[in-house]
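Protein chains in written order, with the working numbering: chain U, 46 to 500; chain A, 20 to 456.
Don't be surprised by glycine CBs; every beta carbon is placed ideally from N, CA and C.
Written below as structure tokens is the structure these notes are about.
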Amino acid sequence: MTAAVRPKAGPPRAYRFPAFERQTLGNGIRLIVAPVPKLPVVSMMAIIEAGAICDPAGREGLAQLTASALIEGTRTLDGPELTERLEGIGGSVDPSADWDYVAASTTVMSARAPAALALLAEILTVPSFPEREIERLRSERHSELLQQRAEPRGLADEMFSRFLYGPGSRYAEPEGGNERSILSITRDDIIAFHRDRYRPGGTTLIIAGDISLDTVVQMVEANFGSWTGSATHAPVIHDQAASITRRVYVVGKDDAPQSELRIGHVGVPRSHPDYFRVVIMNAILGGLFSSRINLNLREVHAYTYGAYSHYDWRRGAGPFVVSTAVKSDVTDGAVREVLHEIDRIREAEPTVEELSLATSYLDGVFPIRYETTSAIAGALASLVVYGLPDDYFDRYRENIRSVTSADVLAAARQHLHPEQLQFAVVGDPNAVRAPLERLQLGPTMLFDSEGKPLQ
Amino acid sequence: MRIPIETYRLPNGLLVSLSEDHTAPLVAVNLWYHVGSANEREGRTGFAHLFEHMLFQGSAHVEANEHFELIQRAGGTLNGSTWLDRTNYFETIPSNQLALALWLEADRMGQLLPAMTQQKLDTQRDVVMNERRWSVDNQPYGTWWERLPALAYPPGHPFHHSLIGSFEDLTAAQLDDVAQFFATYYTPDNAVLSIAGDFDPAEARALVERFYGPIPKGQGKPALPAMTLPPRFGEWRRETVPDAVMLPRLFLAFRIPPFGTPEHDAASIAGAVLGQKKGSRLYRALVRERQVASETSAFTFDLAKGNDLLVADVTARPGISGDVLEREVAREIDALRTTGVSVEELDRAIALTETQLVVSMQSAGERADKLSLFATYFGDPSLVNEQVERYHAVTRDEVNAFVESYLGEDNRASLLYVPRDPIAAVETPAAMVEAIQ
Chain U
46 MTAAVRPKAG
56 PPRAYRFPAF
66 ERQTLGNGIR
76 LIVAPVPKLP
86 VVSMMAIIEA
96 GAICDPAGRE
106 GLAQLTASAL
116 IEGTRTLDGP
126 ELTERLEGIG
136 GSVDPSADWD
146 YVAASTTVMS
156 ARAPAALALL
166 AEILTVPSFP
176 EREIERLRSE
186 RHSELLQQRA
196 EPRGLADEMF
206 SRFLYGPGSR
216 YAEPEGGNER
226 SILSITRDDI
236 IAFHRDRYRP
246 GGTTLIIAGD
256 ISLDTVVQMV
266 EANFGSWTGS
276 ATHAPVIHDQ
286 AASITRRVYV
296 VGKDDAPQSE
306 LRIGHVGVPR
316 SHPDYFRVVI
326 MNAILGGLFS
336 SRINLNLREV
346 HAYTYGAYSH
356 YDWRRGAGPF
366 VVSTAVKSDV
376 TDGAVREVLH
386 EIDRIREAEP
396 TVEELSLATS
406 YLDGVFPIRY
416 ETTSAIAGAL
426 ASLVVYGLPD
436 DYFDRYRENI
446 RSVTSADVLA
456 AARQHLHPEQ
466 LQFAVVGDPN
476 AVRAPLERLQ
486 LGPTMLFDSE
496 GKPLQ
Chain A
20 MRIPIETYRL
30 PNGLLVSLSE
40 DHTAPLVAVN
50 LWYHVGSANE
60 REGRTGFAHL
70 FEHMLFQGSA
80 HVEANEHFEL
90 IQRAGGTLNG
100 STWLDRTNYF
110 ETIPSNQLAL
120 ALWLEADRMG
130 QLLPAMTQQK
140 LDTQRDVVMN
150 ERRWSVDNQP
160 YGTWWERLPA
170 LAYPPGHPFH
180 HSLIGSFEDL
190 TAAQLDDVAQ
200 FFATYYTPDN
210 AVLSIAGDFD
220 PAEARALVER
230 FYGPIPKGQG
240 KPALPAMTLP
250 PRFGEWRRET
260 VPDAVMLPRL
270 FLAFRIPPFG
280 TPEHDAASIA
290 GAVLGQKKGS
300 RLYRALVRER
310 QVASETSAFT
320 FDLAKGNDLL
330 VADVTARPGI
340 SGDVLEREVA
350 REIDALRTTG
360 VSVEELDRAI
370 ALTETQLVVS
380 MQSAGERADK
390 LSLFATYFGD
400 PSLVNEQVER
410 YHAVTRDEVN
420 AFVESYLGED
430 NRASLLYVPR
440 DPIAAVETPA
450 AMVEAIQ
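Put into structure tokens, the structure is as follows:
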């Protein structure tokens with residue numbers, strides 16, 4: 046039978062994040078190439094400065110609609126032909142707009158890389174934006190929004206953001222836009238957005254896989270060489286909170302067996318110097334299975350299948366949010382325990398064991414995160430998007446390990462604000478409202494599933 | 020693309036597969052137990068999955084939840100999952116921590132029961148009930164996971180009942196059930212162990228021998244009732260489910276030969292032609308051209324015994340009724356049977372399948388899981404190296420023969436979700452209605 050003595054770790058083997066090279070072509074397009082010869086596959090990812098944060102007020106969803114419409118036709122190929130060519134070589138591209146950027150990416154067998162890159166260039170540089178397809182994409186977004194009203198998790202996420210940010214903030218509306226804004230977007234808006242934002246000066250191509258820098262440079266020169274335009278100025282980001290005192294928002298879903306809870310406040314931007322301290326603090330609070338919030342709500346109280354806290358990292362200050370789904374009749378108990386954990390991590394330093402669990406986990410999983418070429422390309426994209434230094438991944442592990450218990454307490458005190466917490470609950474109002482009011486968190490407001498106030 | 024594989028069996032029956040890859044200092048440990056919801060006895064639906072939760076509640080030398088803590092502290096990732104016909108447990112860890120992962124898995128394979136308590140069972144029962152509410156009851160269309168197998172397999176068939184289980188059966192589960200299930204199914208001769216990544220084979224073999232060698236062989240497990248059904252449903256079965264959803268959604272299932280047969284390879288390719296990505300027939304015709312659907316896909320369950328299912332999953336556009344949706348999907352299936360697949364469609368399906376398989380082999384965890392899959396179902400992990408070739412070898416004739424035999428009206432089961440609240444149907448953009456007429 047198994048011995049009681051636990052095996053000790055052997056000596057660790059060194060790991061380095063894949064080496065990469067940069068080059069800028071004459072037209073301003075930037076290249077990052079990471080040769081990874083493990084398997085005969087190549088991932089390519091174009092990062093364009095055209096994220097949802099660029100949407101004009103009232104046209105929320107323009108960035109996403111433009112990105113989706115890229116694959117609906119070009120000067121020489123219609124949508125079905127483009128799809129056929131891409132999928133015919135075993136690839137596919139679904140460009141999508143994040144808050145800060147648009148990513149258009151695919152992974153193919155290395156022999157197919159030249160063909161895939163040529164199609165990617167076509168999609169990005171000469172899209173035709175057919176009216177009929179734009180109409181269809183708008184109506185697809187309409188379907189998505191309808192679906193979301195019946196889907197408690199997505200609804201809770203969306204409502205929480207809506208309540209969290211002030212009306213002037215782009216972050217208050219979903220990345221893909223709302224029902225009104227989507228209807229207001231015209232083909233001309235899309236053409237103008239593409240003309241202004243999709244430019245080689247604002248584009249980085251990241252290639253990771255079984256390929257060399259020279260080959261990539263030749264391919265990119267051939268396919269993107271004649272594209273012109275310098276980068277457009279970045280928009281100003283408004284990330285101010287709607288309220289800095291506690292408020293409770295109940296989004297009614299009659300007879301819901303569970304409450305979807307979102308508790309949090311506006312967090313910190315990705316560029317904040319406390320980034321590593323906040324990451325470790327959050328790992329201890331609710332970022333890991335063995336974190337305080339999950340062990341408390343799941344393993345001690347059995348309120349839920351899982352409970353997590355999360356910082357949404359963006360150029361602006363994204364949300365800090367605790368998410369969980371609990372049985373309706375323990376909604377108030379779950380809220381109380383989350384508050385207790387947020388207060389507790391601000392009261393005293395974490396134990397040595399808690400700190401070392403968080404740091405050794407994040408240190409150890411580092412190589413595991415970058416097993417695939419698409420994960421490597423995604424990591425390199427974060428250098429571009431957040432302006433991180435080229436040695437970021439080489440120094441990542443030492444930065445993680447250098448966080449102390451005192452740093453964690455300081456980060457919790459500086460960056461967690463219990464008095465500013467906003468509480469969004471998607472659940473059965475008859476079951477949750479009165480118990481939540483008894484907690485005296487703050488004013489409670491009731492909404493329907495479209496976000497319309499019910500009082 | 021081929022990965023190196025060594026396979027051997029311990030005297031207690033444990034089948035071990037090793038696959039070296041030293042490109043990064045990490046290693047995956049993966050165990051499949053050949054037990055799933057199919058093996059549950061009457062009145063205990065959901066037990067195999069509840070039992071999976073109990074495996075994280077400690078063993079003779081491990082405290083509750085300590086398995087998670089030790090692996091994460093070692094810098095590793097881990098989880099487990101339960102399926103109709105198997106349960107798996109897996110870790111990916113820095114390579115210098117291989118011994119820890121092997122030891123933890125061995126401790127719970129050998130000596131789980133000393134750690135089992137009523138309180139732990141009660142807690143995990145509540146956690147699982149919350150998992151059920153979260154993934155099934157409070158999720159639009161969430162019940163399809165249990166309704167579709169119930170429609171496609173007859174009562175009493177091992178695949179008929181719910182994997183997550185009913186509240187009633189979960190409530191009925193006892194500590195005695197845990198002991199019995201453990202003794203019957205969690206034995207080395209009913210498990211396979213796969214190790215993939217950066218390790219020294221001699222050292223790995225020694226660790227496996229030391230930790231797993233002493234675990235006694237099981238007493239054998241009860242045979243499952245006969246699994247093989249007639250090759251086709253023999254009818255078009257229909258179930259309509261009014262639910263708290265905004266848009267109709269159709270799951271159209273076809274009974275097909277089991278995973279691992281040449282016909283199943285043809286079925287996978289046919290499924291890709293029909294429903295994989297935007298170049299597929301369903302997407303092109305129903306989303307792009309006729310605009311009656313908002314999302315389409317097709318997939319197989321990959322069950323290796325009895326009969327598998329190929330499922331087309333299509334969600335309507337606003338304003339499209341469930342009946343119209345079903346008619347439009349059927350029209351595409353019928354068209355595929357009439358025209359057959361084109362060379363381009365076949366090539367597209369095979370190219371996408373190849374990329375997907377090769378890309379997945381980049382991860383040590385995926386390699387180990389695939390080794391375990393082929394070891395469990397066919398006793399031969401080296402079949403992992405034949406996957407790409409098998410799909411490449413599928414011909415148009417084979418796909419057309421499959422489509423002809425299995426996609427007809429005598430072999431369909433429709434599970435159709437429709438909005439209980441008719442408001443959704445009112446919000447039809449006029450342009451959409453015109454487009455389908």
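Neighbour flag for residue 296(A) against chain U, beta carbons, 7 Å: yes
7 Å Cβ shell around residue 143(A) - same chain, five flanking residues per side excluded: 69, 72, 73, 76
Contact under 7 Å by Cβ, residue 163(U) with residue 90(U): no
Short-range partners of chain A found in the stretch 487-499 of chain U, where Cβ spacing is below 7 Å: Of all residues in the stretch 487-499 of chain U, none has a C-beta nearer than 7 Å to a C-beta of chain A.
Separation of residue 246(A) from residue 66(A), as counted between CA atoms: Rounded to the nearest angstrom, the two C-alpha atoms are 20 Å apart.
CB contact below 7 Å: residue 264(A) versus chain U: yes
Among 160(U), 381(U), 145(U), 434(U), the one whose alpha carbon lies nearest that of residue 242(U): 145(U)
Meets three-Cβ-pair contact criterion under 8 Å: the stretch 410-420 of chain A and the stretch 366-378 of chain A: Counting Cβ pairs under 8 Å, three or more are found: they touch.
Opposing strand residues paired with residue 372(U) [DSSP bridges]: 303(U)
Within 7 Å, strictly: CB atoms of residue 67(U) and residue 77(U): Judged by beta-carbon spacing, residue 77(U) lies within the 7 Å limit of residue 67(U), meaning their Cβ atoms are closer than that value.
Inter-residue spacing [alpha-carbon to alpha-carbon] between residue 354(U) and residue 323(U): Roughly 12 Å between the two C-alpha positions.
Inter-stretch contact (C-beta, 8 Å, three-pair minimum) for the stretch 329-338 of chain U and the stretch 351-370 of chain U: yes
Residue 50(U) classed as buried or exposed, judged by whether at least 16 other C-beta atoms fall within 10 angstroms: exposed
Through-space distance from residue 20(A) to residue 122(A), alpha-carbon basis: 32 Å
Chain U contact for residue 255(A) (CB, 7 Å cutoff): With a threshold of 7 Å between beta carbons, residue 255(A) makes no contact with chain U.
Nearest-angstrom Cβ-Cβ length linking residue 285(A) and residue 329(A), presumed shorter than 8 Å: Contact doesn't hold; Cβ gap of about 10 Å is too wide.
Chain A contact residues for residue 347(U), given Cβ-Cβ distances below 7 Å: 142, 145, 146
Rounded C-alpha distance that separates residue 160(U) from residue 134(U): About 8 Å.
Any alpha helix (DSSP H) of 4 or more consecutive residues that is wholly inside the stretch 380-418 of chain A: 383-397, 406-411
Closest by C-alpha distance to residue 56(A), when choosing among 177(A), 228(A), 268(A): 177(A)
Span of the alpha helix (DSSP H) around residue 78(A): Note, residue 78(A): premise wrong, no alpha helix (DSSP H); not H, not E.
Residues near residue 199(U) in its chain [Cβ-Cβ closer than 7 Å; skip 5 each side]: 193
Short-range partners of chain U found in the stretch 371-403 of chain A, where Cβ spacing is below 7 Å: Correct list: 371, 373, 374, 377, 378, 380, 381, 382, 383.
Sufficient close CB pairs (3 or more, under 8 Å) joining the stretch 269-280 of chain A to the stretch 247-261 of chain A: yes
Interface flag, residue 192(U) vs chain A, CB-CB below 7 Å: yes
Min CB distance residue 129(U) to chain A below 7 Å: yes
Residues, ordered as in the chain, of the stretch 148-165 of chain U that lie near chain A by beta-carbon distance below 7 Å: Residues of the stretch 148-165 of chain U with a Cβ closer than 7 Å to any Cβ of chain A, in chain order: 152, 153, 154.
Through-space distance from residue 297(A) to residue 121(U), alpha-carbon basis: 19 Å
Check whether residue 45(A) and residue 412(U) have beta carbons under 7 Å apart: yes
Beta carbon proximity, residue 43(A) to chain U, threshold 7 Å: yes
Other residues of its chain near residue 24(A): CB distance less than 8 Å, five sequence neighbours each side excluded: Residues of the same chain with a CB within less than 8 Å of the CB of residue 24(A), apart from the 5 flanking positions on each side, are 36, 37, 38, 390, 400, 401, 403, 404 in chain order.
Cβ pair count under 8 Å reaching 3, the stretch 130-138 of chain A against the stretch 77-90 of chain A: yes
7 Å Cβ cutoff met for residue 99(U) and residue 245(U): no
Residue from 351(U), 495(U), 325(U) with nearest C-alpha to residue 402(U): 325(U)
Residue 419(A) versus residue 70(U) - alpha carbon distance: Across the structure, residue 419(A) and residue 70(U) are spaced so that their CA atoms are roughly 49 Å apart.
Contact set between residue 95(A) and chain U, taken where Cβ atoms lie within less than 9 Å: 406, 409, 410, 413
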